[in-house]
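Contents: one structure, followed by commentary.
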Amino acid sequence: MISRVMPQLLRSLFSRAFVNPFPAANMPSSMTEAMSNPELLNPYLPVGARFRGRLNYDRAKCIGCRLCVRVCPAHATDYQAEEKKIIIHNDRCCFCAQCTEVCPVKCLTMSKEFMISSYDRKANVVKDSGSVGAAPPAAKPAA
Ligand code: SF4
Ligand code: SF4
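Pasting the structure below:
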């Protein structure tokens, strides 16, 4: 076991980092202060093309078929019967991307946004992100 791990350990000493350095080098004494002053944090490393961050939802494009609700293992999508649309609870989402695969009109996409922790659960409810054809939003800390 050790012999198989050692080459990988040695390689990692000389390759670039693939995780964001955290806690940040310039972390202030209070986490609240850190989150409200993102410039104090280390610059983000670019995430990979297949990174799965906070879900985007193009509400106008949604046809209300409920397939995303059926496949979601975390019960993170709620169907709004009156409007025939959904809302997404990102605080429940496990970022499996099954809903994005099953959606027949591709109105759900995984963004690259990963700094989404918040004291306010409602801040993580997505009702409409607009067109998902646009470039995904850059990662930024929650306000
Ligand atoms: S990514 Fe997975 S857990 Fe999150 S809403 Fe979609 S199906 Fe549910
Ligand atoms: S699978 Fe797509 S079209 Fe169907 S309800 Fe979910 S988001 Fe809307």
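If you read the sequence shown in the numbering used here, its first letter stands for residue 1, the second for the next number, and so on.
Note that beta-carbon positions come from the ideal geometry of N, C-alpha and C, so glycine has one too.
Spanning the alpha carbons of Y57 and V19 requires a straight line of approximately 27 Å.
Residue pairing of K85 in beta bridges, as defined by DSSP: Q80. The C-beta distance from C99 to V126 rounds to 12 Å, too long to meet the 8 Å contact threshold.
Closest in alpha carbon position to L67, among S15, R16 and P104, is P104. Counted as a single uninterrupted DSSP element, the stretch harbouring M110 is not any alpha helix (DSSP H) but the beta strand (DSSP E) occupying residues L108 to M110. Counting C-beta atoms within 10 angstroms of its own C-beta, E113 has 16 or more neighbours from the protein chains shown and is therefore classed as buried. For V69, same chain residues with a beta-carbon under 8 Å away, outside a window of 5 residues either side, are T77, D78, Y79 and I86 in chain order. Around R52, the same chain offers F95, A97 and M110 as residues with beta carbons nearer than 6 Å, after the five sequence neighbours per side are excluded. Judged by DSSP secondary structure, A34 falls within the alpha helix (DSSP H) whose first and last residues are M31 to S36. For L55, the pairing in a beta bridge is given by DSSP as M110. N37 and A74 have their alpha carbons spaced roughly 32 Å apart. Note that the C-beta distance between C107 and L55 is not below 8 Å. At a threshold of 7 Å, Q98 counts as near ligand 1, since its beta carbon sits closer than that to one of the ligand's heavy atoms.
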